[in-house]
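Undergrad: Counting in UniProt numbering, the sequence shown runs from 1 upward without gaps.
Yeah, the Cβ is synthetic: ideal placement off N, Cα and C, and Gly gets one too.
These numbers come from a predicted model, not from an experiment.
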Amino acid sequence: MCLRAICHYEFCNQQPYSYVVYTCVDAYKGKCKSIHSSTYTVQDFCPECYMLNDPRLSEGCNPDSLKGFEERWKFELAHFEELNALEDIDGIFARAEAYKKERVKEEGERESLFVFCSEILNRDVIRHLERLVNERLLMYFWSNVLNGRGDDISRERRLTILQLHQALQYARLFTSIQRRARAMQETGKLRNSINAGAPWITTVVTDPALLQDDCGICKMEPLSSMKVVELPCNHTYHEECLKKCVEILTCPYCRSKEARGEEPRLAVPTAGPIPDWLFAIHPFQRRDLPRPSLTWKETEALTDIYNDALNKVAKSSEPLHLLYRIIAGTRQRIDTLERKIEGSFFDNIRKNSHHLTESQIGRIRQAQGHNEERSVEVDYYARKHFEALGKTNDFDDTDFVHRNNLYQEWIYAKYLDSDEKKKQASGKTLDRYYSTLKFLSSDDVKELSSLRVDEEEAARAFYEAVDQWRVAIYAKQTAEENWTIFFGENEDEG
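(1) Between which residues of its own chain and N371 is the CB-CB distance below 8 angstroms, once the five residues before and five after are set aside?
(2) Hey, could you find the ends of the beta strand (DSSP E) T303 is sitting in?
(3) Which of helix, strand or coil does DSSP assign to Q46?
(4) Rounded to a whole number of angstroms, what is the C-alpha to C-alpha distance between N195 and I6?
(5) Just checking my contact of I217 with Y99 at CB under 8 angstroms: how many whole Å lie between their CB atoms?
(6) Assuming V268 and T398 are in contact, meaning their beta carbons sit under 8 angstroms apart, how far apart are those beta carbons, in whole angstroms?
(7) Would you please state the rounded distance, in angstroms, between the beta carbons of A96 and L323? I believe it to be under 8 angstroms.
(8) What distance in whole Å lies between the Cβ atoms of L164 and L132, which are believed to be in contact at a cut-off of 8 angstroms?
(9) Following the continuous alpha helix (DSSP H) through E358, name the residue where it begins and the one where it ends.
(10) Would you call V453 buried or exposed, if buried means 16 or more other Cβ atoms sit within 10 Å of its Cβ?
(11) Over the uninterrupted alpha helix (DSSP H) stretch that includes H128, give me the two end residues.
(12) Within its chain, find whatever has a CB closer than 8 angstroms to the CB of D54; leave out the 5 residues flanking it on each side and keep chain order.
(13) Reducing DSSP to helix, strand and coil, say where D54 ends up.
(14) Do three or more CB pairs link the segment 460-474 to the segment 306-316 at distances below 8 angstroms?
(15) Which class does H238 belong to by DSSP, given the choice of helix, strand or coil?
(16) Would you decide whether S58 is buried or exposed? Buried here means 16 or more other CB atoms lie within 10 Å of its CB.
(17) When the Cα atoms are used, what is the spatial distance from A388 to E298?
(18) Just to confirm my understanding: we take R333, look at its own chain, exclude 5 residues before and 5 after, and list those with CB closer than 7 angstroms. What are they?
(19) Would you kindly check if the distance between the Cβ of R331 and the Cβ of E420 is under 8 angstroms?
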């Protein structure tokens, strides 16, 4: 059966349409039998809103939409200018327009939001497209809008952003459904989870000679007592009994695999070829782009630029380990002191040596719980992010692995940035409660508050160093590709 998604627009909060994510064709009838999917809601961009100078001013926009937008994109906006050159952005838009004019002949089709939604993308391509759309094109759009330059963005560029974003949304929704399905270990639960069961392949039996035996499933009633169907393996059952065998795909007796039609193929490859439209617009490697010839002087400078980029990566990597150890050590001291103060708090509560109401105790316990949750999240993402930093610095990896490492570093940095701010807020809230409790050690409470300041400063120093390292990594990658374009090709020719 087909799987259908419901679109929900941010800002204007409309639900204008739905679209099929997975198309199933009935091999016996030559067409899809029906739509039986669960409701998958997709947060999408309204084309009309994105044609405004500022989509946030669209009719029906509410404060919750604005708050969600700011929370979602603040990390990308903060790093847009340092990681993207304007000429690179201009080149992406120019190649997209050229591709559509050359490959999509009908002008109406070139205007379609689904012009790039023609195939299932592998995970490597999805991540590459995600970084293109989220880190470059959308941030180009919003950096202009937020700085009052929304009218500088042409309609063609806005449409290209929406089209590439639609391709990304389509791909991510499919992988999300596939991930849910893969999590279901039992086949029957898989079918139920996506509401797209494979039908039994049966024919109705009317020959009395074939209805003499009992049903092999219920073993209680003769076949002649109810409607009987036959599988391709020639075994016969009550139709209703067979329908109840939802946990199996095969004949209940002989386990013939021809008993049911195919289930939806929801596999998403990890890697593979890049689609032609994305290759033309933004290939994995810059060396695959059309490029002007270099002068001899420019060619001579490539080696110096590349070596300089390598040195900057090495130099920017040096302080990361030390800064990480400092921040990790500070967090460990905070954790130890928090446990000490928390233990003292509960001792006084048990001994009833306090003047707090149940409501006050409840609020403090809630603050403690929130702070602990944030601390666990920060510790987890801090470890994963630091691991990703180390992997990204390993330049001996294949292109695919290196792209994946860059993606992981960025994602963990984004999650860590968000959770770090939430942890700082929850810690300060808890400190305010502790400062009013006379039965706690004032020295411990003051030290805890001071350590939080140390943690915030250490985190700021670490993230600033990471930002410098990331800029160096991107510069090194560009320099390496430029060097390879000329010298690598010449070596191959030699």
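TA: Inspection of the coordinates gives the following:
(1) Around N371: E338, K423, S426, G427, T429 and L430.
(2) Careful: T303 lies outside any beta strand (DSSP E), inside the alpha helix (DSSP H) at W296 to K351.
(3) The amino acid occupying residue 46 in the given sequence is Cys; Gln does not appear at that position. Coil.
(4) Low confidence applies here, because N195 scores a pLDDT of 42, under 50, leaving its location unreliable; read the following figure in that light. Using only the alpha carbons, I get a separation of about 16 angstroms.
(5) Taking a contact as a CB-CB distance under 8 angstroms, the pair I217 and Y99 does not count as one, their CB atoms being some 57 angstroms apart.
(6) Contact doesn't hold; Cβ gap of about 20 angstroms is too wide.
(7) With a contact defined as Cβ atoms closer than 8 angstroms, A96 and L323 miss out at about 40 angstroms.
(8) Indeed they touch by this definition, with Cβ atoms about 7 angstroms apart.
(9) For E358, the enclosing alpha helix (DSSP H) starts and ends at E358 to T392.
(10) V453 is exposed by the Cβ-count criterion.
(11) From DSSP, the alpha helix (DSSP H) with H128 extends over R123 to E130.
(12) Cβ within range, chain order: V145 and G150.
(13) Coil, per DSSP.
(14) Contact between the segment 460-474 and the segment 306-316 is present, because at least three Cβ pairs lie under 8 angstroms.
(15) Here DSSP, grouped into helix, strand and coil, assigns H238 to strand.
(16) It is buried - the Cβ of S58 has at least 16 other Cβ atoms within 10 Å.
(17) Straight-line Cα distance between these residues: approximately 34 angstroms.
(18) Result list for R333: L451, in chain order.
(19) Taking C-beta atoms as the reference points, E420 and R331 fail to come closer than 8 angstroms.
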